[in-house]
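Number of protein chains: 2
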Amino acid sequence: MNANPKFLAEQAEVDSAAVAPLPNSRKIYVTGSRPDLRVPMREISLHGENAPVTVYDCSGAYTDPDAKIDIRSGLGTPRAAWIAERNDTELLDGPSSDYGRQRLADAELDALRFKLHRKPRRALAGRNVTQMHYARQGIITPEMEYVAIRENLRRKEYLASLRAQGEKGARMADLLGRQHRGESFGASIPDEITPEFVRDEIARGRAIIPANINHPELEPMIIGRNFLVKVNANIGNSAVTSSIGEEVEKMTWAIRWGGDTVMDLSTGKHIHETREWIVRNSPVPIGTVPIYQALEKVNGKAEDLTWEIFRDTLIEQAEQGVDYFTIHAGVLLRYVPLTANRMTGIVSRGGSIMAKWCLAHHQENFLYTHFEDICQIMKAYDVSFSLGDGLRPGSVWDANDAAQLGELKTLGELTQIAWKHDVQVMIEGPGHVPMQLIKENMDLQLEQCSEAPFYTLGPLTTDIAPGYDHITSGIGAAQIGWYGTAMLCYVTPKEHLGLPNKADVKEGIITYKIAAHAADLAKGHPGAQIRDNALSLARFEFRWEDQFNLGLDPDRAREYHDETLPKDSAKVAHFCSMCGPHFCSMKITQEVREYAAKGMQEKSIEFVKNGAQIYREQQP
Amino acid sequence: MNANPKFLAEQAEVDSAAVAPLPNSRKIYVTGSRPDLRVPMREISLHGENAPVTVYDCSGAYTDPDAKIDIRSGLGTPRAAWIAERNDTELLDGPSSDYGRQRLADAELDALRFKLHRKPRRALAGRNVTQMHYARQGIITPEMEYVAIRENLRRKEYLASLRAQGEKGARMADLLGRQHRGESFGASIPDEITPEFVRDEIARGRAIIPANINHPELEPMIIGRNFLVKVNANIGNSAVTSSIGEEVEKMTWAIRWGGDTVMDLSTGKHIHETREWIVRNSPVPIGTVPIYQALEKVNGKAEDLTWEIFRDTLIEQAEQGVDYFTIHAGVLLRYVPLTANRMTGIVSRGGSIMAKWCLAHHQENFLYTHFEDICQIMKAYDVSFSLGDGLRPGSVWDANDAAQLGELKTLGELTQIAWKHDVQVMIEGPGHVPMQLIKENMDLQLEQCSEAPFYTLGPLTTDIAPGYDHITSGIGAAQIGWYGTAMLCYVTPKEHLGLPNKADVKEGIITYKIAAHAADLAKGHPGAQIRDNALSLARFEFRWEDQFNLGLDPDRAREYHDETLPKDSAKVAHFCSMCGPHFCSMKITQEVREYAAKGMQEKSIEFVKNGAQIYREQQP
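In order, the protein sequence lines correspond to chains R and Z.
Sequential numbering of the first sequence, starting at 1, is according to UniProt numbering.
Sequential numbering of the second sequence, starting at 1, is according to UniProt numbering.
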């Protein structure tokens, strides 16, 4: 792979594909306590007198027509000043990792190397630059204020502005503000997120803001069970297929549809260069699994891995700006034999690599024995731990077994060590888990990992649907998100079968946005239901365009509608092709409503009484 | 629509598309206590020495290469003898409904009429021919024995035959037989389903076998919470689009992918003729909503509906062989005003039609006032009630509100009346319900409808994803299926947007088969996990073909795999394009396993001890 026309063509494609707002949407920025703290949101305008609806927006500058996008120069750096003015970091002359220096010196790589003129940054000797450290010092960073504004989505201001618009506005505010009481299983989501609440959650380890000081392009986001449930998208090429250009495009594509973080799981050639392109163009946190690259460095021979090679890899990636590392430090020698009688053994790549190393050397996992050394690196760049579940179940039978739960307990112990260093931590979870065992897994994680954020892959609730594992796992993801998982790692339709393409990435993201939002509703996240209410009202009032645009995928909604009713006139028609004009229940209901309003007023009152009484009787 | 070349071409397409077994599968028949009681199942053969796996099969003769398929003559009639020999029915000279006679007499319809030479059948005066009536008399019908055999899937015989094959077979039986303890919320699923258990469940109204005496082509199936969770597929043309040929093809397509019942929701022209083609070619129960056709008969003017027109429609359809009717008898006048302040009013077509009628006449719903008259018709043909939820919520806000719960209570009262007549009943449920309210809805249904089977549409757990409502609802369907719903009515990606095409039907079915199976696993349905275990073993052993063929959609699994690794050699490769050869965790695990087996035997024992101890500590 190199800077050939194909590569450049792919860049062009990125520009055209990703740089456009979604239909009827505009990017707005809510300014915080300082002019350079501008929080992006997406405002969806509606037809008629309906007020626009503001939704969470992870798509970055790519959906801002005013922004100049050129992936060769990367994104702007909103965090640069915040990091610099803390005066606890230094600029290095260049990469301090051996490998980083090698790659930089390799002229053959010039053609495909991202031209970064910025020097890497590192904590001054003895300083700790993690968001957790600041939080525990009582400091509210701009990053913390940023996520507080972001999570609130101007809900109070929005409803207040509606109420200010007289009777109709007040009625709309009432309608849109309606929400069922949630069941949050011990999560405590405040009515409004304050910067102080964010600081407190981070200080106690219940939430993290992955934000490497070498990733100034980042638009900060928070992961914790008292915040909106987040979604991660995995991208990355493998030895078999795909190129740098494709991976950058998958990243911009993933965030366009709602990916809150992106993991680069590349295992093929040029991992280092691919990662640089991705980080420089990413407004969302980037996660990696450093052991993959370390293994490349020893030509795929797990037994040849050493702490020194791994340590150099951590520094190499930390200085590129990776925001969180998956570290499989819980795969202990004594757990490995517990996997021998499983249905599907070890299915985590990182887990199997470390298991092989442990057995080959008959020594304890060096990620475990060197865990405090790793913490020293993490806190010098503010890289967050994503403690990997290397022994996660790969089939429903293996769920919640001795190997998985043994590792989980160890991850809880490692969490305490990381917190001793003020290093941010989240815990990775399964995998394949049948529905009746999901809550047990969630409860054990909360208990044993002291409420550190849980970050789960699915879980898949059955093994029998290859080609549809976004769905088998979306079912489990919605449930575990409801029970308390803070971030859901998406699964695409290609899971178990092949490398996802752009269409698969989108399908996976939308499926997981559905699961995450269903979980927010079930937990009773304040205001989460506004979007559902706005869309349902649009549907009921036959505002087809609004229904499309308020949905997670306006393009597909419009495309499906137009398959049978392409004409513009149908966009205002009081029916669709499902039932046709005579059978549209919504049309009939509106007649019912008018009738009820006219003919039945007194009677209605009496009926409502009866009805209301029945209702009270029926409530359990 | 008439017998033009297009129509015939569509028939041809049906033949070619639907008449082929799924890959590596063959149709087998398990014979019961009489030679003409042959229960179809699908046997999936695997590679190497792996024993074939038997799965449930609703696809009918279409996947049996030995069967001669010609949709012009319809399917064979396995039930004909069973019905005749009960000596409680008579053959009529012809349709006894006015409308049925009219259509038969209309020469213009000759071209597109299904040529049925069989006379309609009806109970002898004073006789009751429902499966519930027989069950309550202590009679085990062939239909009851049939479903008992069908639900058991030869599991005991299968595992026994494996064990008989020596040590390896015994190990396989142990592996495949593994299953987690379920959480069934009060359902009591026996280890083996006996005909007597089926009879008892039907007698007490906890399960139904929809089986009209005029549908001898039927392969009986059972709907109840102590049996496998079933899936219904809706088809049907509308005034706007689609033809008879398309609808028949959608039916054969739906059952190929696992539809257990099919509802014909046609609202366009030629409803009567379309239905005849569908029933004559359907091995699964067919459900309808008679009010749709009744409305056509009064030119779409709800206020013009009368009991007489509706009654004639019930008889017309009962004599065609429709197995269950959706009857919106719970939409009471006093409930209608309760919908006036909803987010989305009344979204059920049948519900809105009856609401409009009630308001127009200011009289009680004639389906309610004539309910006992309807029961008289139902028991003369053994048509089952599907008591419609005309006031189901159309948005998450409207879930579990006064209108919905008022109607649910009334459906419970009507259930008692139907049971007084020994008429089989299931209850329809929502709709749109956020996750935290699903169990409340399920528990209320069990309590108020005396455990009559619940039959739910989804529910959708959020309103914000038009184009993906198979997924928003698949999440809710899996949960409510786990909590106790007996049959799930699928939702396709076109929901809210348009009429589903063949691809949508398949997507909807597979999504719902996933939800239903995830629910069976969670409830601990005996042996439900065998297919998961077999597929996971195939995956772990890189038996790619077996992995594809054991899945719900072998075609898509293969297609996705081949996108990146098309060569046949890849079908035996010990890796896929996701990770490439060096990174395949399963490959590494097998090395781990060998190593563990060799080098670590004594140590393993000691480690397993530690591990086992940790395990016990960690179990809650």
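Just so you know, even glycine gets a beta-carbon here, dropped at the ideal spot from N, CA and C.
Note that the coordinates shown come from a computational prediction; the quantities given were computed from them, not determined experimentally.
Per DSSP, reduced to three states, the secondary structure at Pro40(Z) is strand.
The region 491-499 of chain R makes no contact with the region 364-377 of chain R: fewer than 3 CB pairs, one atom from each, lie closer than 8 Å.
Going by DSSP, Glu249(Z) is part of the alpha helix (DSSP H) stretching over Ile244 to Arg256. Under the Cβ criterion of 9 Å, Trp307(R) is not counted among the residues facing chain Z. Asp191(R) sits in coil when the DSSP states are folded into three classes, being neither helix nor strand. Taking CB atoms only, Gly498(Z) has a neighbour in chain R less than 9 Å away.
At the C-beta level, Arg113(R) and Arg121(R) stay beyond 9 Å of one another.
By the CB criterion at 9 Å, Ala105(Z) and Asn212(Z) fall outside the cutoff.
Taking CB atoms only, Asn501(R) has a neighbour in chain Z less than 9 Å away.
If you check each beta-carbon in the region 322-345 of chain R against every beta-carbon of chain Z, the ones closer than 8 Å belong to Leu333, Arg334, Tyr335, Val336, Pro337, Leu338, Thr339, Ala340, Met343, Thr344 and Gly345. When secondary structure is reduced to three states using DSSP, Asp504(R) falls in the helix class.
Glu276(Z) is positioned such that its CB atom lies closer than 9 Å to that of Leu116(Z). For the options Gln416(Z), Thr410(Z) and Val396(Z), the alpha carbon positioned closest to that of Pro430(Z) is the one of Val396(Z). Close partners of Thr261(Z) in chain R (Cβ separation under 9 Å) are lacking, with about 20 Å as the shortest Cβ gap. For Ile286(Z), the uninterrupted beta strand (DSSP E) run begins and ends at Ile286 to Thr288, by DSSP.
Residues of the region 370-398 of chain R with a C-beta less than 8 Å from any C-beta of chain Z: Gly394, Ser395, Val396 and Trp397, listed in chain order. One Cα belongs to Leu124(R), the other to Leu537(Z), and the distance between them is close to 52 Å. Identification of chain Z residues near Thr462(R) by a Cβ-Cβ cut-off of 7 Å yields Ile514, His517, Ala518, Leu521 and Asp532, ordered along the chain. Following the DSSP letters along the chain, one finds Cys375(R) inside the alpha helix (DSSP H) bounded by residues Phe371 to Tyr381. Look at Tyr56(R) here: in three-state DSSP terms it is coil, with no helix or strand label. For Thr472(R), the C-beta contacts it makes with chain Z under 8 Å involve Ile514 and Ala518, in order along the chain.
Below the 8 Å Cβ cutoff, chain R contributes Pro466 as neighbours of Phe548(Z), in chain order.
Comparing C-alpha distances from Asn441(Z) to each of Leu408(Z), Met144(Z), His180(Z) and Asp469(Z) shows the shortest one belongs to Leu408(Z). Rounded to whole angstroms, Arg206(Z) and Glu451(Z) show a C-alpha spacing of 6 Å.
Of all residues in the region 475-496 of chain Z, those with a C-beta nearer than 9 Å to a C-beta of chain R are Ile475, Gly476, Ala477, Ala478, Gln479, Trp482, Pro493, Lys494, Glu495 and His496, reading in chain order. Per the C-alpha coordinates, the member of Asp401(R), Gly476(R), Lys250(R) and Gln416(R) positioned closest to Thr274(R) is Lys250(R). Secondary structure of Met343(R) (DSSP, three-state): coil. In chain order, Gly498 make up the part of chain Z whose C-beta sits under 7 Å from the C-beta of Glu563(R).
Cβ-Cβ distances below 6 Å link Asn234(Z) to Met263 and Leu265 in the same chain, with the five nearest sequence neighbours on each side left out; the list follows chain order. Pairwise C-beta distances place the region 166-173 of chain R out of contact with the region 508-518 of chain R, as fewer than three of them are shorter than 8 Å. The contact set of His180(R) on chain Z, defined by CB atoms closer than 9 Å, consists of Val396, Trp397, Ala399, Asn400, Pro434, Gln436 and Leu437 in chain order.
Three or more beta-carbon pairs separated by less than 8 Å link the region 483-493 of chain Z to the region 214-231 of chain Z, which places the two stretches in contact.
Here the C-alpha atom of Leu162(Z) lies approximately 22 Å from the C-alpha atom of Asp398(R).
Residue pairing from DSSP places Val262(R) in a beta bridge opposite Ala233(R) and Ile286(R).
Of the candidates Thr313(R), Leu499(R), Arg256(R) and Ser282(R), the residue whose Cα lies closest to the Cα of Ile510(R) is Arg256(R). Where Thr456(Z) is concerned, the enclosing beta strand (DSSP E) starts and stops at Phe454 to Leu457.
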